[in-house]
Each structure stands twice: as structure tokens, then as C-alpha cells.
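Residue numbers (numbering that gives the first Met the number 0), protein chains in the order written: chain V, 0 to 184; chain H, 0 to 184.
Protein chains: 2
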Amino acid sequence: MRVSVPLRRAYKLINHGPTTLITTASGERRNVMTAAWVMAIDFEPARVVAVIAADTFTRELVEASGEFAVNVPTARMLDAVYAAGKASGEDADKFATLGLTASPASMVGAPLLEGCAAWLECRVVPEPQMQERYDLFVADVVAAWADDASFVDDAWRFPGDEDRTLHHISGGVFVTSGQIVKAKP
Amino acid sequence: MRVSVPLRRAYKLINHGPTTLITTASGERRNVMTAAWVMAIDFEPARVVAVIAADTFTRELVEASGEFAVNVPTARMLDAVYAAGKASGEDADKFATLGLTASPASMVGAPLLEGCAAWLECRVVPEPQMQERYDLFVADVVAAWADDASFVDDAWRFPGDEDRTLHHISGGVFVTSGQIVKAKP
Numbered sequence: 000m001r002v003s004v005p006l007r008r009a010y011k012l013i014n015h016g017p018t019t020l021i022t023t024a025s026g027e028r029r030n031v032m033t034a035a036w037v038m039a040i041d042f043e044p045a046r047v048v049a050v051i052a053a054d055t056f057t058r059e060l061v062e063a064s065g066e067f068a069v070n071v072p073t074a075r076m077l078d079a080v081y082a083a084g085k086a087s088g089e090d091a092d093k094f095a096t097l098g099l100t101a102s103p104a105s106m107v108g109a110p111l112l113e114g115c116a117a118w119l120e121c122r123v124v125p126e127p128q129m130q131e132r133y134d135l136f137v138a139d140v141v142a143a144w145a146d147d148a149s150f151v152d153d154a155w156r157f158p159g160d161e162d163r164t165l166h167h168i169s170g171g172v173f174v175t176s177g178q179i180v181k182a183k184p
Numbered sequence: 000m001r002v003s004v005p006l007r008r009a010y011k012l013i014n015h016g017p018t019t020l021i022t023t024a025s026g027e028r029r030n031v032m033t034a035a036w037v038m039a040i041d042f043e044p045a046r047v048v049a050v051i052a053a054d055t056f057t058r059e060l061v062e063a064s065g066e067f068a069v070n071v072p073t074a075r076m077l078d079a080v081y082a083a084g085k086a087s088g089e090d091a092d093k094f095a096t097l098g099l100t101a102s103p104a105s106m107v108g109a110p111l112l113e114g115c116a117a118w119l120e121c122r123v124v125p126e127p128q129m130q131e132r133y134d135l136f137v138a139d140v141v142a143a144w145a146d147d148a149s150f151v152d153d154a155w156r157f158p159g160d161e162d163r164t165l166h167h168i169s170g171g172v173f174v175t176s177g178q179i180v181k182a183k184p
């Protein structure tokens with residue numbers, strides 16, 4: 000079940016470096032794109048930065064709407080995650096071709112993907128120079144959610160191997176999240 | 000053994016989102032700091048972005064030298080990785096207190112840490128506005144290295160559990176890199 004995560008703790012959902020799916024929408028158009036280059040940059044306000052390349056349909060929709068959602072997929076979605084990074088959604092709806100089910104977000108127009116482990120709804124902080132020079136988008140997290148089987152009491156757990164997060168290395172090779180280890184306090 | 004990685008493929012060393020140790024040096028002063036908020040932002044030129052908070056000794060040394068190194072530690076270094084994120088190196092040399100051994104880099108003054116799995120030598124691209132507003136430092140990777148037991152034929156492998164990379168969630172809780180999985184081409 001999808002449960003709300005306080006914004007102050009939203010960074011925990013991506014702090015371990017998972018590869019994400021960025022969803023976008025503008026008017027009747029929508030898209031989903033794989034993005035490994037997404038990370039937290041602040042706790043309060045909860046803020047992220049994402050690389051969204053200049054020649055992509057996602058970029059067009061982000062610039063039109065000023066919003067996107069960061070979805071954290073699980074190993075169960077491996078093939079769809081890789082495929083969503085290869086094809087453009089400009090001509091064909093990738094949700095349909097990849098078997099991804101979208102549901103409405105709470106604060107942004109971009110949809111959330113069913114079956115993911117966590118979700119961040121994001122609103123772009125306009126930084127034209129960063130966007131043009133580096134394809135870097137700063138965004139405030141305006142709502143955060145986690146699957147309550149995977150993120151319990153503000154901590155990640157991965158109930159089964161298929162529930163682990165995916166971390167792309169390159170060319171369709173990923174490493175999944177492994178064991179939880181604790182350092183000496 | 001430390002072997003050179005072509006710059007075009009340097010992103011693979013951090014693409015799966017490991018928590019890193021950032022090393023710095025300026026004159027006789029040097030430091031090491033834990034940094035989870037480091038990611039690749041381009042392939043060619045090989046480029047990264049890192050959050051380096053305004054009130055840190057590392058920030059002072061990065062601003063003085065225009066350089067830093069990103070070290071990718073292994074699970075064997077768990078306690079030192081967490082501890083390096085808690086104490087400041089301004090008053091005491093953290094290398095000594097944490098038992099970290101530094102060796103010279105090839106292109107930058109910042110040292111490289113023995114026992115890590117990968118290393119990126121980085122030169123800051125001056126972006127004063129990004130640095131001031133978001134503590135974000137853009138840097139070109141000018142040399143990249145990997146341990147040849149962990150990164151073979153341009154691919155990560157983790158020979159033992161202690162050789163896995165560390166991915167910080169929060170408060171000293173990390174997840175290690177898990178299984179390598181391959182998506183359908």
C-alpha cells in the first residue's frame with residue numbers, strides 16, 4: 000500500500016542511489032523515461048536534481064509543465080526499466096507498450112507508476128542556466144510516498160529479491176540493492 | 000591493483016549510486032568527507048556533480064584548490080565511511096584517526112584512498128551561482144581508476160561481500176551492492 004512519507008525524510012527514498020523512472024505529463028501528453036542521474040541535494044526543503052537530456056520528449060513535457068515525478072522501480076520491473084530508457088515516447092505511449100500502469104499523483108500532473116517502491120512528486124525550480132549548460136533540473140519535492148511493504152518505520156527493507164531496487168551500471172546491466180548493514184554509531 | 004579506466008567509461012564507476020569519500024588537499028592541509036550526493040552528469044566530457052556543504056572543511060579546500068577526488072569505498076570500510084561523515088577534519092587529521100591510507104593521485108593534489116574499489120580525480124568547473132545556491136559543484140573527471148579485482152572488462156563484479164559498494168540510506172544504515180542482473184536487450 001502506498002503511504003505518505005514526510006518531506007523531511009523523502010531523501011531516504013533515493014539516498015542509496017537507485018535508478019528511477021521519471022514520469023511527466025502536459026495536457027493530454029504523458030511520458031516515462033529511465034533516469035539513473037537523479038539525486039537528493041537537500042533535506043529541508045526536500046530537493047532533488049535530475050539530468051534530463053535536451054533532445055528528449057520528457058524534457059519537452061517537463062519544460063511545458065514545470066513538474067515531474069520520480070518513481071523508484073523494483074527488480075520485478077527490470078525489463079521495463081531498461082526498455083523505458085531506450086525508446087522515445089513521442090510517437091507511441093510507452094506506458095502501454097511497456098505494460099506500466101499509471102495512477103494520479105496528489106500534487107503534480109505527472110502520473111505515478113503502480114508497482115514501484117517509492118515516489119517523489121517534484122516541482123521544478125527554474126534555473127535556466129543549469130538546464131541549458133548541464134541538462135540539470137533542480138526540483139522541490141512536494142509529496143513523497145513509499146510502498147509500506149518496502150519502507151517501514153522510515154527504513155528500507157526488501158521483503159523479497161524482486162522487491163529490491165535497481166541500480167543501473169550500463170547497457171542493461173544493473174546491480175540490485177543488497178544487504179542492509181549498520182555502521183558503529 | 001589500481002588500473003586506469005578510460006574517461007568515457009568513468010561514469011560506470013558511480014552510476015549505481017554508491018556512497019563515496021571525497022578527498023581534498025590544499026598546501027599542507029588535506030581532508031576526507033563522506034558524500035552520498037555525488038553523481039555523473041555527462042559521459043563526454045566525463046563530468047560529475049557533488050554536493051559539498053558550505054560550512055565544511057572540505058568546501059574550504061575545494062574552493063582553495065579547485066580539485067577533489069571521489070573515492071568509492073567497499074563494505075570492508077563501513078565504520079570509517081560513516082565516521083568520516085560525522086567529524087570535521089579541521090582540527091584533527093581524519094586519515095589518521097580513521098585508519099585511512101592516502102596515496103598520490105595522478106592529475107590532482109587530492110589524495111586517493113587505499114582499499115577503495117574506484118577513484119575519480121576531478122577538477123571543478125567554476126559555477127559560483129550553483130555553488131552558492133545549492134552547494135553543487137560541477138567537476139570534470141580528469142583521471143579514473145578501478146581496482147582490477149572489482150571492475151573487470153569495464154564491468155563491476157564484487158568478488159566477496161566485503162568488496163561490495165556501500166549505499167547510505169541514513170543514520171549509519173547502508174545497503175550494499177547486491178546481485179548483478181541483466182535486462183533483456
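We treat Cβ as the ideally placed atom computed from N, Cα and C, and that holds for glycine. These numbers were taken from a predicted model, which means no experiment stands behind them.
inquiry  = In the DSSP assignment, the beta strand (DSSP E) including Asp139 (chain H) goes from what residue to what residue?
reply    = 135-146
- Cβ shell of Lys100 (chain H) (< 8 Å), same chain only, five flanking positions each side left out: This sequence places Thr at residue 100 (chain H); Lys is not what is there. The answer, listed in chain order, is Phe94, Leu112, Glu113, Gly114.
- Message: Using only the alpha-carbon positions, how far apart do Leu6 (chain V) and Asp162 (chain H) sit?
- Response: 33 Å
Just to check my reading of the structure: Leu77 (chain V) and Leu165 (chain V) have Cβ atoms closer than 8 Å, yes? What is that Cβ distance to the nearest angstrom?
6 Å
- Message: Excluding the 5 residues flanking Ala182 (chain V) on each side, which residues of the same chain have their C-beta closer than 6 Å to its C-beta?
- Response: none
| said: Using the Cβ count rule (16 or more neighbours within 10 Å means buried), how would you classify Pro184 (chain H)? | reply: exposed
Next on the checklist: Tell me the DSSP secondary structure of Phe188 (chain H) in three-state form.
Outcome noted: This structure cannot settle anything about residue 188 (chain H), because the visible part of chain H is limited to 0 through 184.
Pick helix, strand or coil for Lys85 (chain V), following the three-state DSSP scheme.
coil
Task: Met129 (chain H), DSSP secondary structure in three states - done: helix
Which chain H residues sit within Cβ distance under 7 Å of Leu6 (chain V)? Chain H residues near Leu6 (chain V): none, gap ~14 Å exceeds 7 Å.
Phe157 (chain H) (DSSP reduced to helix, strand or coil): coil
| Proximal residues to Val61 (chain H) (C-beta, below 7 Å), its chain only, five neighbours per side dropped | Thr23, Ile51, Phe67, Val123, Phe136
Next item on the list: Classify Met76 (chain V) as helix, strand or coil using the three-state DSSP reduction.
Entry: helix
For this session: Using three-state DSSP, classify Leu60 (chain H) as helix, strand or coil.
Result: helix
message = Going by beta-carbon coordinates alone, are Gly170 (chain H) and Pro17 (chain V) separated by less than 8 Å?
response = no
*When the Cα atoms are used, what is the spatial distance from Thr73 (chain V) to Asp90 (chain V)?*
26 Å
**Asked** chain H partners of Trp36 (chain V), CB-CB under 7 Å?
**Response** Met38, Ala39, Ile40
If we ignore side chains and look at the alpha-carbon of each, how far apart do Ala35 (chain H) and Trp118 (chain V) end up? 19 Å
Taking the alpha-carbon of Asp92 (chain H) as reference, which of H:Val31, H:Pro158, H:Met129 has the nearest alpha-carbon?
H:Val31
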